[in-house]
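The listed protein sequences derive, respectively, from chains G and A.
When we follow this note's numbering, the leftmost residue of the first sequence carries the number 11, and every step to the right adds one.
When we follow this note's numbering, the leftmost residue of the second sequence carries the number 11, and every step to the right adds one.
By construction, the Cβ of each residue, glycine as well, lies at the ideal position given by its N, Cα and C atoms.
2 protein chains.
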Amino acid sequence: MRQVADTPSIWERPEPPERRAPSPLSRERIVRAAVTLADAEGLDAVSLRKVAAELDAGPMRLYRYIGTKDELLDLMVDAVYAEIPPPSGSGWREVARSYAHGIREAGLRHEWLADLLDGRPRFGPAAVIHAEATLTALRAAGLREIDTIMSTVEVVSTYLRGALRTEVGERRAERASGLDEREWQHAMAPHLLAMFATGDYPMMSEAMHDAEHRDPTERFELGLGYLLDGIEQSLS
Amino acid sequence: MRQVADTPSIWERPEPPERRAPSPLSRERIVRAAVTLADAEGLDAVSLRKVAAELDAGPMRLYRYIGTKDELLDLMVDAVYAEIPPPSGSGWREVARSYAHGIREAGLRHEWLADLLDGRPRFGPAAVIHAEATLTALRAAGLREIDTIMSTVEVVSTYLRGALRTEVGERRAERASGLDEREWQHAMAPHLLAMFATGDYPMMSEAMHDAEHRDPTERFELGLGYLLDGIEQSLS
DNA sequence: ACTCCCTTCGATACGCTGTATTGGCAATAT
DNA sequence: ATATTGCCAATACAGCGTATCGAAGGGAGT
Numbered sequence: 011m012r013q014v015a016d017t018p019s020i021w022e023r024p025e026p027p028e029r030r031a032p033s034p035l036s037r038e039r040i041v042r043a044a045v046t047l048a049d050a051e052g053l054d055a056v057s058l059r060k061v062a063a064e065l066d067a068g069p070m071r072l073y074r075y076i077g078t079k080d081e082l083l084d085l086m087v088d089a090v091y092a093e094i095p096p097p098s099g100s101g102w103r104e105v106a107r108s109y110a111h112g113i114r115e116a117g118l119r120h121e122w123l124a125d126l127l128d129g130r131p132r133f134g135p136a137a138v139i140h141a142e143a144t145l146t147a148l149r150a151a152g153l154r155e156i157d158t159i160m161s162t163v164e165v166v167s168t169y170l171r172g173a174l175r176t177e178v179g180e181r182r183a184e185r186a187s188g189l190d191e192r193e194w195q196h197a198m199a200p201h202l203l204a205m206f207a208t209g210d211y212p213m214m215s216e217a218m219h220d221a222e223h224r225d226p227t228e229r230f231e232l233g234l235g236y237l238l239d240g241i242e243q244s245l246s
Numbered sequence: 011m012r013q014v015a016d017t018p019s020i021w022e023r024p025e026p027p028e029r030r031a032p033s034p035l036s037r038e039r040i041v042r043a044a045v046t047l048a049d050a051e052g053l054d055a056v057s058l059r060k061v062a063a064e065l066d067a068g069p070m071r072l073y074r075y076i077g078t079k080d081e082l083l084d085l086m087v088d089a090v091y092a093e094i095p096p097p098s099g100s101g102w103r104e105v106a107r108s109y110a111h112g113i114r115e116a117g118l119r120h121e122w123l124a125d126l127l128d129g130r131p132r133f134g135p136a137a138v139i140h141a142e143a144t145l146t147a148l149r150a151a152g153l154r155e156i157d158t159i160m161s162t163v164e165v166v167s168t169y170l171r172g173a174l175r176t177e178v179g180e181r182r183a184e185r186a187s188g189l190d191e192r193e194w195q196h197a198m199a200p201h202l203l204a205m206f207a208t209g210d211y212p213m214m215s216e217a218m219h220d221a222e223h224r225d226p227t228e229r230f231e232l233g234l235g236y237l238l239d240g241i242e243q244s245l246s
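In structure tokens form, the structure reads like this:
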């Protein structure tokens, strides 16, 4: 009955003790440095070399604390989960909103998060604590059955992650071009106008000219509201 | 009234003509090779060197057809849009479902798509055609106002992209470990059981043991249903 | 107290990436 | 026939993750 994985995951492997005390390195310090770097310069800037340099160490030194770069990324995600307050609220809708907002805000604080949240749940310690708190709050707020609770979380989290990627993607594009969305549409104008001039795309034209321009938060809230309405309807 | 961007985007730049005929390279052939490679070995395997090698060319030769690797990725996305059938259906719900399914299936056929769909709409020719068809079909199916139509598309697409990432992420993890989800949970067992043994995570335990196991398509459908119900409710 | 060993660190190195640069060649224009 | 243009391949550079390895150092055994 072999259950132990061939290589134990980062969550199981204990942090190696410090022997001498020349420079007090630790997993936590490494992760903090990586997060800071990612916040400041983007995920692409997080290289083992740069993280190590930030800590006055050679790149290879990090390999005593992390097994691989991917593990470092996992640890970064868990570090963000540790920042997110447990969802709260009196009704289940409030709790679900609180859950969504907590993660969304973390994702806007750390724009690289959306790139690392690929769906499969992370079982880092902070993520587990956050998940437990979420489920508990939902039950306490009135959702009885575990299936209902799980469906709600899954669906909200799915929408959430999509929205986060949209939003972060827009921010990045804006920053890259120094233009906000309206300006960016104008920059695209030569190409788009040419298409629209053909008259082949009347709906796109109408959308671009007449559609209401909602800010990201409004859009997020709107979709989340639809989702919760749909779930509520399924409860009765 | 300067509207022309400093560097014209790939959509505007004409494909260079072939002069001599030593090896008939073209933007389309390059993109096809890249897509094939990405399908077979993942997006990380798409390097200009490998794509070029596939076409019996040196890496730098590609730069006559694409300005940068990112442009190649944009072209790949547009190539996928070209595969997606225009949404159809008699009611707007059907059309919305058709829209979602079309993109979802493309995303499952080309698992790298989810990584490139970051939110900001791509204005490649195929993407524009697909978008126009989507909006048109929704109006024809009964949604009158452009704002309603746009909100519906935005919200569904947001959910869709989140779901696609989840699903693709799971597939990748399974393939990487050779385990399906249930087995994977068992592989995680040492770590998870240790956590659960503390009794600190009763909800997580319950979820893992008692919650219904839905397959990805069911889950997708469930969430999409909630969303459409919520939208429908807002129409009245 | 001395020696041995085992751990850990830094340096080096490999194979890979995207792409800037450069030099030569071949086809076209005069 | 000559001048010019434009393209392609080769080379080069800076960066990446990480495998390997020699040296150094502290802890343990005698």
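Alpha carbons only, please: which of the options is nearest the one belonging to residue i?
{"i": "residue 104(A)", "options": "231(A), 132(A), 78(A)", "result": "231(A)"}
{"i": "residue 246(A)", "options": "154(A), 126(A), 42(A), 135(A)", "result": "154(A)"}
{"i": "residue 236(A)", "options": "107(A), 78(A), 53(A), 94(A)", "result": "107(A)"}
{"i": "residue 112(G)", "options": "179(G), 72(G), 137(G)", "result": "137(G)"}
{"i": "residue 120(G)", "options": "38(G), 50(G), 67(G)", "result": "50(G)"}
{"i": "residue 165(G)", "options": "201(A), 47(A), 174(A)", "result": "174(A)"}
{"i": "residue 179(G)", "options": "81(A), 127(A), 216(A)", "result": "127(A)"}
{"i": "residue 109(G)", "options": "142(G), 223(G), 125(G), 48(G)", "result": "142(G)"}
{"i": "residue 215(G)", "options": "205(G), 223(G), 224(G)", "result": "205(G)"}
{"i": "residue 89(G)", "options": "124(G), 38(G), 80(G)", "result": "38(G)"}
{"i": "residue 56(G)", "options": "36(G), 86(G), 71(G), 242(G)", "result": "86(G)"}
{"i": "residue 186(G)", "options": "185(A), 130(A), 172(A)", "result": "130(A)"}
{"i": "residue 91(G)", "options": "227(G), 123(G), 35(G), 218(G)", "result": "123(G)"}
{"i": "residue 176(G)", "options": "65(G), 125(G), 241(G), 46(G)", "result": "125(G)"}
{"i": "residue 183(A)", "options": "132(G), 213(G), 181(G)", "result": "132(G)"}
{"i": "residue 212(G)", "options": "79(A), 156(A), 36(A)", "result": "156(A)"}
Give a yes or no on whether 8 Å exceeds the smallest Cβ distance from residue i to chain A.
{"i": "residue 169(G)", "result": "yes"}
{"i": "residue 222(G)", "result": "yes"}
{"i": "residue 140(G)", "result": "no"}
{"i": "residue 91(G)", "result": "no"}
{"i": "residue 99(G)", "result": "no"}
{"i": "residue 157(G)", "result": "yes"}
{"i": "residue 236(G)", "result": "yes"}
{"i": "residue 107(G)", "result": "no"}
{"i": "residue 128(G)", "result": "yes"}
{"i": "residue 227(G)", "result": "no"}
{"i": "residue 149(G)", "result": "yes"}
{"i": "residue 116(G)", "result": "no"}
{"i": "residue 217(G)", "result": "yes"}
{"i": "residue 232(G)", "result": "yes"}
Can you tell me where the alpha helix (DSSP H) with residue i in it begins and where it stops?
{"i": "residue 40(A)", "result": "37–51"}
{"i": "residue 252(A)", "result": "A query on residue 252(A) cannot be resolved here, the shown segment of chain A reaching from 11 to 246 and no further."}
{"i": "residue 227(A)", "result": "226–245"}
{"i": "residue 61(A)", "result": "58–64"}
Determine, for residue i, whether the minimum Cβ-Cβ distance to residues of chain G falls below 8 Å.
{"i": "residue 121(A)", "result": "no"}
{"i": "residue 19(A)", "result": "yes"}
{"i": "residue 132(A)", "result": "no"}
{"i": "residue 57(A)", "result": "no"}
{"i": "residue 165(A)", "result": "yes"}
{"i": "residue 54(A)", "result": "no"}
{"i": "residue 111(A)", "result": "no"}
{"i": "residue 160(A)", "result": "yes"}
{"i": "residue 239(A)", "result": "yes"}
{"i": "residue 211(A)", "result": "yes"}
{"i": "residue 154(A)", "result": "no"}
{"i": "residue 205(A)", "result": "yes"}
{"i": "residue 175(A)", "result": "yes"}
{"i": "residue 244(A)", "result": "yes"}
{"i": "residue 23(A)", "result": "no"}
{"i": "residue 78(A)", "result": "no"}
{"i": "residue 86(A)", "result": "no"}
{"i": "residue 83(A)", "result": "no"}
{"i": "residue 183(A)", "result": "yes"}
Under 7 Å: does the beta carbon of residue i sit that close to some heavy atom of the ligand NAP?
{"i": "residue 123(G)", "result": "Ligands displayed in this structure: none; no statement on the ligand NAP is therefore possible."}
- Query: Considering only residues of the stretch 74–137 of chain A, which uninterrupted alpha helix (DSSP H) runs meet the minimum length of 4 residues and lie entirely inside it, listed in chain order?
  - Reply: 79–93, 102–119, 123–126
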